[in-house]
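Chains as they are written, first to last, in our numbering: chain W, 48 to 296; chain R, 808 to 1174.
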């Protein structure tokens, strides 16, 4: 799973010949592949994830957290007006989420996307139902950056910390590598808390042994934005060591 | 493309001829008459010829109005598609290890997940053991598992690959009485050409009322269907008991071919209707008031814990949104109802009462 309106250090999604299938198999698992399932599962485990505001399904069955059915435009408009906070992210439940993620902010009663483009709510409703391959979406709260990250140029977009975990054969959870796509930081804020969080989360996803976690570093602490069982090796000189550890695991 | 259509038509005609002859023998009518009925239910209701024969709708003595109330698998699947992601995977309901973890986290009672075996990836035992090979599995069986457990494919269907196992010394004995070493089981699973990921779970047992009705050789379940309406309120569609009396490790009915029995359940109070079993010639069904396994009275029996079953699926259904139409398999155990799985591709009962269910599903999909 990818997306959720966050920037990340590099491309993800391919095994790149690392032998990841030895650790994660080659079948897709709903707990990491379906966003609604992932969100509900993490919440039930007490793992911090962005607050799920609604599941939007253009085939019917969508509803908001408050219990409001979301089946037609009028429901959608009422949801945005009465239930939604001023900052939201809309992401496809399955498929190429990066393509479908929409980040929205409400300014003076009007919805905007980054860059200032105004978004018409009815047009958005139609657009979200226009691709038959992406009929279902989650609407989540949009996270704010930790002040230290925002100061270095957050630009209103969440800068997620990518941490890749490996559950060793002993059951211990190791951090394989981590990266944050932002220059100028001496130390990553909330680093230890973020590592503790993914170490706590990883065993709940076994037998998937190596997951790439995107962790939002927020003013309220780390929040798991995403997890992916298919990730690319890190750029740079550390790649050989990572590949060696994956192959030996 | 030019050659495919004639081939398909040829196969269809051959199937129609076979089915018509079989129906003529079973019902004592002319094959042409049976063929006309078969064509009609295919066009109007979506029955394949074989399905129409099995369900019993080719009986020329059946009134047209009654025949029209039977629902084919095709019509049912089409009606459910708008409610269930177009019937496409991936879905939490098709991926059982995700399903069991999801349910356990959400507080939905399921059999304890004891491990997941990914024969192409890594395997995990709930004890914390992580392993990749036969030796690891042998250690898991020796040290982590109880004396009885179930192994089944994570994305299995129709009961395929389900093994109910009991420990006998260092060996395991399956539901068919076959004795094997744990390592042999690992090799067997590895050699399976269809499934790569297997779950190991607690074996749950039948409530004493069901044992009295149909024995305890295998698990019996109730199938309860729910649909979440456009107002997001879940409701019960229909329910039936599945008695595993065919000698296998599962209770799937499979159109009657598995030798198991089913019986419709009255939703209000959990009272069982007559049992249905396939006729010996597999054409239509016989209705039985008593269980063929024990002779106990089945029709009219009250199932145990029915209010708890209702509550369980009605509270569980919204947790699987945006999937809206689910068939829940619930075991009635001495400790209360336990969800064994839920399904998006559920089969209609071979009963005329199913037309009301189909109407309700269509209505939910239109809204």
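Positions of the beta carbon are idealized from the N, C-alpha and C atoms, including for glycine.
Within the model, the alpha-carbon separation for residue 852 of chain R versus residue 933 of chain R is close to 47 Å. Taken in chain order, the complete beta strand (DSSP E) segments of 3 residues or longer contained in the region 178-232 of chain W are 183-188, 205-214, 220-227.
Around the CB of residue 170 of chain W, fewer than 16 other CB atoms lie within 10 Å, so the residue is classed as exposed. One thing to note: residue 124 of chain W has its Cβ no nearer than 8 Å to the Cβ of residue 188 of chain W. Non-local C-beta neighbours of residue 841 of chain R in its own chain, meaning closer than 6 Å and more than five positions away in sequence, comprise 827, 830, 831, 865, ordered along the chain.
Straight across, the Cα-Cα distance linking residue 1082 of chain R with residue 1098 of chain R is about 7 Å. Chain R has a Cβ within less than 8 Å of the Cβ of residue 253 of chain W. With a beta-carbon spacing of about 11 Å, residue 260 of chain W and residue 270 of chain W fall beyond the 8 Å limit used to define contacts. Contact annotation for residue 187 of chain W against chain R: no contact, minimum CB-CB distance about 15 Å [criterion: below 8 Å]. Ranked by Cα distance from residue 912 of chain R, the first of W/88, W/164, W/278 is W/88.
Listed by position along chain W, the residues whose Cβ is nearer than 7 Å to that of residue 899 of chain R are 77, 81, 84. Out of R/994, R/868, R/1017, the CA that lies nearest to the CA of residue 1003 of chain R is found in R/994.
Per the DSSP secondary-structure output, residue 138 of chain W pairs in a beta bridge with W/185. Around residue 71 of chain W, the beta-carbon contacts reaching into chain R at under 7 Å are 928. Going by DSSP, residue 900 of chain R is part of no alpha helix (DSSP H) at all; its letter is neither H nor E. Using a Cβ-Cβ distance cut-off of 8 Å, the region 1094-1112 of chain R and the region 1138-1145 of chain R are in contact, since at least three pairs of beta carbons, one from each stretch, lie closer than that value.
With a threshold of 16 other beta carbon atoms within 10 Å, residue 86 of chain W meets it and is buried.
Residue 116 of chain W is positioned such that its CB atom lies closer than 8 Å to that of residue 1037 of chain R. In this structure, R/891 is the residue among R/891, R/875, R/861, R/825 with its C-alpha nearest to the C-alpha of residue 1172 of chain R. Distance check between residue 239 of chain W and each of W/78, W/141, W/166, W/208 places W/208 closest, using alpha-carbon atoms only. Taking 3 residues as the shortest admissible run, the region 921-1008 of chain R contains the following complete beta strand (DSSP E) segments, listed from N- to C-terminal end: 930-932, 955-960, 970-975, 978-981.
Residue 1033 of chain R carries a strand assignment under DSSP once its states are collapsed to helix, strand and coil. Taking 8 Å as the cut-off, the beta carbon of residue 1093 of chain R is found no closer than this to the beta carbon of residue 1119 of chain R. Secondary structure note for residue 172 of chain W: it is in no beta strand (DSSP E), and the uninterrupted alpha helix (DSSP H) holding it is 168-175. Any Cβ of chain W closer than 8 Å to the Cβ of residue 1143 of chain R would place that residue at the interface, and such an atom is absent. Under the Cβ distance rule, residue 293 of chain W does not count among the residues neighbouring chain R, no pair being separated by less than 8 Å. When DSSP reads this structure, residue 102 of chain W sits in a beta bridge with W/110, W/185. Beta-bridge pairing by DSSP links residue 1093 of chain R to R/1084.
The closest CA to that of residue 111 of chain W, considering only W/199, W/195, W/132, is found on W/132. Residue-level contact check: residue 1146 of chain R does not touch chain W, since none of the beta carbons of chain W fall below 8 Å from its beta carbon. According to DSSP, residue pairing for residue 261 of chain W in a beta bridge involves W/209, W/273. Counting only the Cα atoms, residue 965 of chain R lies some 29 Å from residue 276 of chain W. For residue 1126 of chain R, the chain W residues whose Cβ falls inside 8 Å of its Cβ are 87, in order along the chain. For residue 214 of chain W, the residues of chain R that pass the 7 Å Cβ criterion are 937, in the order they occur in the chain. In summary, no residue of the region 1100-1113 of chain R has a CB separated from any CB of chain W by less than 9 Å.
In this structure, the alpha-carbon of residue 178 of chain W lies about 20 Å from that of residue 1131 of chain R.
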